[in-house]
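K.L.:
In UniProt numbering, the protein residues as written are 457 to 740. One structure coming up, written as structure tokens, with questions to follow.
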Ligand code: C2E
Ligand code: MG
Ligand code: MG
Ligand code: MG
């Protein structure tokens, strides 16, 4: 009995593994094609707003993939595949180029682009970015690159060398998803970045009964300020979270409460003042 149950389990396990491998391979193939296509990969822009004034302070570029038969596929599915296959370098160049072109129509508005640790491990990364900036003609000071904590602990130091070169060039660096990685609060002052983005998981807990997330967010903001770093809160969804973050002294807010990621045209419209807003009014 036990034996057949064991065999059965093994067969099911084997089948599942096969299905997973197959699925991943097909995503990889399709993603390769998507990068070659004109219309499958697009970029949306989510605005960031000053917590104090409600003014728009920048936008974050977020990649989207519209699969011809499967519909929209989320970045949490295709980014890991792109990283494992090296295709992330082509995606990164594509998103950065689209974002820089869009930025030309937005005056001096800050445009943030996410960068994978895989891209930063390429010693030529900073040159690639410089080339895209020169080709599109934007001011490097308009560009912010969002990196994760893993890039600051890279073994051979290539990521850190890239980050230093990018900063010398005038590009700002933001540490994304802060609080989810290895960094301790005491390491904040050693970080060679310009700002931190407090991870959504902490923001989500603001206003919950325990109150510990609110204290953590306050501690992060206080220490960031003390070390000269700007702060952005991600994933602001409620007016209560917004109010708390304003009182906590957070510089910028980003989240569905203010605006979902929207098209380039919608950002242009927002900047034209047709949507004069207070932070309580969604942009959409
Ligand atoms: P991220 O850089 O932390 O981006 C923020 C994510 O949170 C976005 O998800 C955004 O749509 C979502 N978000 C914003 N406000 C809210 C909110 O109020 N509530 C909730 N629940 N979510 C909110 P998205 O676009 O699905 O991207 C997920 C992740 O994929 C990004 O996280 C980033 O790490 C990665 N990603 C997206 N585009 C790119 C890209 O072009 N290159 C690289 N390397 N990674 C990218
Ligand atoms: Mg980001
Ligand atoms: Mg983030
Ligand atoms: Mg996040």
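Beta carbons: idealized from backbone N, C-alpha and C, even for Gly.
Going by DSSP, which residues form a beta bridge with residue 594?
P.N.:
DSSP lists no partner for residue 594.
K.L.:
Below 6 Å, is the gap between the Cβ of residue 653 and the nearest heavy atom of ligand 3?
P.N.:
Flag set: Cβ of residue 653 near ligand 3.
K.L.:
Would you mind listing the beta strand (DSSP E) stretches within the region 468-525 that are 3+ residues and don't spill past its ends, in chain order?
P.N.:
497-506 and 512-523, all fully within the region 468-525.
K.L.:
Quick one: complete beta strand (DSSP E) runs, 3+ long, within the region 644-715?
P.N.:
Listed in chain order, the complete beta strand (DSSP E) runs (minimum 3 residues) inside the region 644-715 are 651-654 and 686-689.
K.L.:
Tell me the DSSP secondary structure of residue 603 in three-state form.
P.N.:
Residue state, collapsed to three classes: strand.
K.L.:
Which partner residues does residue 585 have in the DSSP bridge list?
P.N.:
Answer is none; residue 585 lacks a bridge partner.
K.L.:
Taking three-plus beta-carbon pairs below 8 Å as touching, is the region 568-586 in contact with the region 606-626?
P.N.:
Result yes; three or more Cβ-Cβ pairs closer than 8 Å.
K.L.:
Roughly how far, in whole angstroms, is the beta-carbon of residue 548 from the beta-carbon of residue 516, given that I think they are within contact range, below 8 Å?
P.N.:
Residue 548 to residue 516, Cβ: 14 Å. No contact.
K.L.:
Rounded to the nearest angstrom, what separates residue 643 and residue 662 at their Cα positions?
P.N.:
Computed Cα separation, rounded: 24 Å.
K.L.:
Buried or exposed: residue 598, going by 16 or more other Cβ atoms within 10 Å of its Cβ?
P.N.:
Its Cβ being crowded by 16 or more others within 10 Å, residue 598 is buried.
K.L.:
Pop quiz: residue 715 and residue 502 are said to be a contact at Cβ under 8 Å. What is the actual Cβ separation, rounded to whole angstroms?
P.N.:
Correct: roughly 6 Å between the Cβ atoms.
K.L.:
At what residues does the beta strand (DSSP E) containing residue 633 begin and finish?
P.N.:
First-last of the beta strand (DSSP E) with residue 633: 628-634.
K.L.:
Just to confirm, does residue 580 get its C-beta within under 6 Å of one of the non-hydrogen atoms of ligand 5?
P.N.:
In the structure shown, ligand 5 is absent; the only ligands present are ligand 1, ligand 2, ligand 3 and ligand 4.
K.L.:
Is the number of C-beta pairs between the region 643-652 and the region 666-674 that are closer than 8 Å three or more?
P.N.:
No: the two stretches stay apart, fewer than three of their Cβ pairs being nearer than 8 Å.
K.L.:
Helix, strand or coil for residue 618? Go by DSSP, reduced to three states.
P.N.:
Residue 618: helix per DSSP, three-state reduction.
K.L.:
If you run the structure through DSSP and keep just helix, strand and coil, what is residue 611?
P.N.:
DSSP places residue 611 in coil when its eight states are reduced to three.
K.L.:
Label residue 721 either buried or exposed according to how many other C-beta atoms from any shown protein chain fall within 10 Å of its C-beta, with 16 as the threshold for buried.
P.N.:
Counting Cβ neighbours within 10 Å, residue 721 comes out exposed, since fewer than 16 surround it.
K.L.:
What is the DSSP secondary structure of residue 528, reduced to helix, strand or coil?
P.N.:
It is a strand residue.
K.L.:
On the DSSP bridge assignment, give the partners of residue 566 in chain order.
P.N.:
Answer is 514, bridged to residue 566.
K.L.:
What residue from 698, 676, 631 and 481 has the CA that sits closest to residue 649's CA?
P.N.:
Per the Cα distances, 631.
K.L.:
Which residue comes first and which comes last in the alpha helix (DSSP H) that contains residue 551?
P.N.:
Its alpha helix (DSSP H) spans residues 544-559.
K.L.:
Would DSSP call residue 718 helix, strand or coil?
P.N.:
Strand at residue 718.
K.L.:
Can you tell me the Cα-Cα spacing of residue 552 and residue 636, whole angstroms?
P.N.:
Residue 552 and residue 636: Cα-Cα distance of roughly 25 Å.
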